[in-house]
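Numbering (the working numbering), first residue to last: 26 to 520.
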């Protein structure tokens, strides 16, 4: 029997002292020195390449199964796209420790976004933070933050449901028609009790974004049927961002502590926010989804699937896994996922993502029958009635699915037009559904087209539509999210 040893692999990142158990997919590739005299290593095909999930944090590490003695290349890619690589020599009957160190990223210190910031903050940094709290760059007013379940408008004081397609459509039309009545302050604010959630802030000076932390105070949770969708707004003089929170994330309970971060900064007259979901089990799955790294998200899903998804009936986490699964080129149709998606669509009537995922399965991997086609259409209509999906991928798949199943249906065409109109004000680059509303600054504002008198930053063009289609494995119609094809949201203008 050949001699063997093991590798203990660690990715040391200071994430508020926490760890991500199912973190980064790591490839351990056996190599030997090439025979061409170049001094470069090549893959040794006599030994197997292995993959494993390595925890992210300062304490935990991943341990490989016994490996044949020899040289290995240990490789990983962070959600930021940064490549980590180290060489390792496996010796007989020895466990060798390998640490994969990324570059420190001062602009994302202590951020879970890309697992950046590999060191614990120094005493000097903590002292600067203590002095600088409440101070912002260039005299900018602090970002206005609100959390709740009902949205209140600053235009007329009315409230609407931020999870409703119809309510958003009505509000956006009203906002456009009264665009010159908007005050300088935020025009949206969330009301209602935020279920024991409060915010903490740090940063926002010295070139750092402001870190807005959402903290849960206790374990208390209402039953599923009594839970309303939770949202958060971040606003400044230049715009407002609205995020759908993945809460409740767990079907049973959620421990106290931070569960959602927003890194907010103003750059070149725009409000830029990076939402970060904190999950000590599969935070990396969401981080890879957020970065558009679907294949790496699929690797996390594949390696953590049995423990995290088949043994725990966690609907929002299961929805995240479903999007990753169906984004792949060859999903495991023989597994339990068809039944999982059916259960997700039927057992949790307040989650719109379930019917969207089930419809996607029927359209892409069903038997192609007319019955399944009708079932998919009915599921998509039901998803619209349930509200805005938790995940951005669901928005894109909902639009594409209605395009495919609503031909020659005037009612469905009207529904699709309204959804496209609302989607024009959404940020399709984030994992979780969110809205991005630029603040109009009068008729002479630089963000306005003087001929159309419309905000230039609403809607996306042909090239961007193609990019969104590619990112989400969809086939959106050209210009379907541009202002020229959304007359149900904005009045028609001619030059």
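Yeah, the Cβ is synthetic: ideal placement off N, Cα and C, and Gly gets one too.
For residue i, three-class secondary structure by DSSP
i: residue 264; result: strand
i: residue 318; result: coil
i: residue 417; result: helix
i: residue 134; result: The pLDDT assigned to residue 134 is 46, lower than 50, so where the model puts this residue is not dependable; a value taken from the coordinates is nonetheless given after this. Residue 134 falls in the coil class under three-state DSSP.
i: residue 481; result: Interpretation of residue 481 is limited by its pLDDT of 37, a score under 50 that renders its predicted location unreliable; no figure is taken from the coordinates.
i: residue 26; result: coil
i: residue 105; result: coil
i: residue 460; result: strand
i: residue 363; result: helix
i: residue 162; result: Note that residue 162 scores a pLDDT of 48, beneath 50, so its modelled location is shaky and nothing firm can be said.
i: residue 521; result: Nothing about residue 521 can be read from this structure; the chain reaches only from 26 to 520.
i: residue 311; result: helix
i: residue 36; result: strand
i: residue 240; result: strand
Rounded straight-line distance, which links the Cα of residue j to that of residue i
i: residue 400; j: residue 384; result: 7 Å
i: residue 114; j: residue 69; result: 14 Å
i: residue 409; j: residue 425; result: 13 Å
i: residue 226; j: residue 257; result: 14 Å
i: residue 370; j: residue 184; result: 29 Å
i: residue 35; j: residue 191; result: 48 Å
i: residue 32; j: residue 106; result: 24 Å
i: residue 229; j: residue 301; result: 17 Å
i: residue 122; j: residue 99; result: 11 Å
i: residue 86; j: residue 347; result: 28 Å
i: residue 128; j: residue 173; result: 37 Å
i: residue 73; j: residue 55; result: 7 Å
i: residue 309; j: residue 345; result: 12 Å
i: residue 327; j: residue 215; result: 38 Å
i: residue 182; j: residue 267; result: 18 Å
i: residue 135; j: residue 203; result: Any reading at residue 135 must be qualified, since the residue scores a pLDDT of 49, below 50, and its modelled position is unreliable; the value itself is stated next. Taking the straight line from one Cα to the other gives about 41 Å.
i: residue 160; j: residue 260; result: Caution applies to residue 160, whose pLDDT of 49 falls short of 50 and renders its modelled position unreliable; the model cannot decide the point.
i: residue 321; j: residue 180; result: 44 Å
i: residue 349; j: residue 238; result: 27 Å
i: residue 402; j: residue 241; result: 38 Å
i: residue 431; j: residue 304; result: 38 Å
i: residue 443; j: residue 423; result: 12 Å
i: residue 330; j: residue 290; result: 36 Å
i: residue 112; j: residue 59; result: 15 Å
i: residue 50; j: residue 435; result: 47 Å
i: residue 339; j: residue 288; result: 27 Å
i: residue 341; j: residue 437; result: 27 Å
Reference residue i; option with closest CA among the options
i: residue 461; options: 327, 264, 94 and 234; result: 264
i: residue 441; options: 294, 194, 100 and 382; result: 194
i: residue 448; options: 188, 58 and 98; result: 188
i: residue 316; options: 412, 71 and 456; result: 456
i: residue 90; options: 430, 119, 286 and 437; result: 119
i: residue 30; options: 341, 116 and 324; result: 116
i: residue 429; options: 446, 416, 395 and 412; result: 395
i: residue 390; options: 413, 366 and 403; result: 366
i: residue 445; options: 197, 92 and 179; result: 197
i: residue 325; options: 173, 93, 74 and 103; result: 103
i: residue 312; options: 295, 374, 297 and 286; result: 286
i: residue 293; options: 501, 96, 111 and 463; result: 463
i: residue 414; options: 329, 255 and 437; result: 255
i: residue 269; options: 177, 296 and 416; result: 416
i: residue 65; options: 51, 96, 37 and 88; result: 96
i: residue 323; options: 303, 305 and 351; result: 351
i: residue 213; options: 242, 253, 169 and 437; result: 169
i: residue 272; options: 221, 319 and 438; result: 221
i: residue 124; options: 88, 387, 241 and 40; result: 88
i: residue 314; options: 458, 201 and 439; result: 458
i: residue 283; options: 296, 342 and 223; result: 223
i: residue 298; options: 307, 126, 52 and 454; result: 454
i: residue 452; options: 427, 419 and 435; result: 419
i: residue 39; options: 84, 199 and 27; result: 84
Residues bridged to residue i (per DSSP)
i: residue 31; result: 120
i: residue 113; result: 97
i: residue 541; result: Since the first residue shown for the chain is 26 and the last is 520, residue 541 is missing from the structure and cannot be characterised.
i: residue 173; result: 256
i: residue 291; result: 296
i: residue 235; result: 228 and 289
i: residue 387; result: Per DSSP, none; premise fails for residue 387.
i: residue 45; result: 81
i: residue 184; result: 177
Chain B contact for residue i (CB, 9 Å cutoff)
i: residue 123; result: Any reference to chain B falls outside this structure, which holds one protein chain only.
Proximity test, residue i beta-carbon vs the ligand NAP heavy atom, cut-off 8 Å
i: residue 288; result: As presented, the structure is devoid of all ligands, the ligand NAP included, so that no description of it is given.
Item to complete: Assess, as a yes-or-no matter, whether the segment 31 to 47 is touched by the segment 74 to 81 under the definition of 3 or more beta carbon pairs within less than 8 Å.
Response: yes
Worksheet entry | Cβ contact check for the segment 405 to 424 and the segment 359 to 379: 3 or more pairs under 8 Å | yes
Worksheet item: Quick check: the segment 233 to 240 against the segment 199 to 208, are there 3 or more CB pairs under 8 Å?
Response: no
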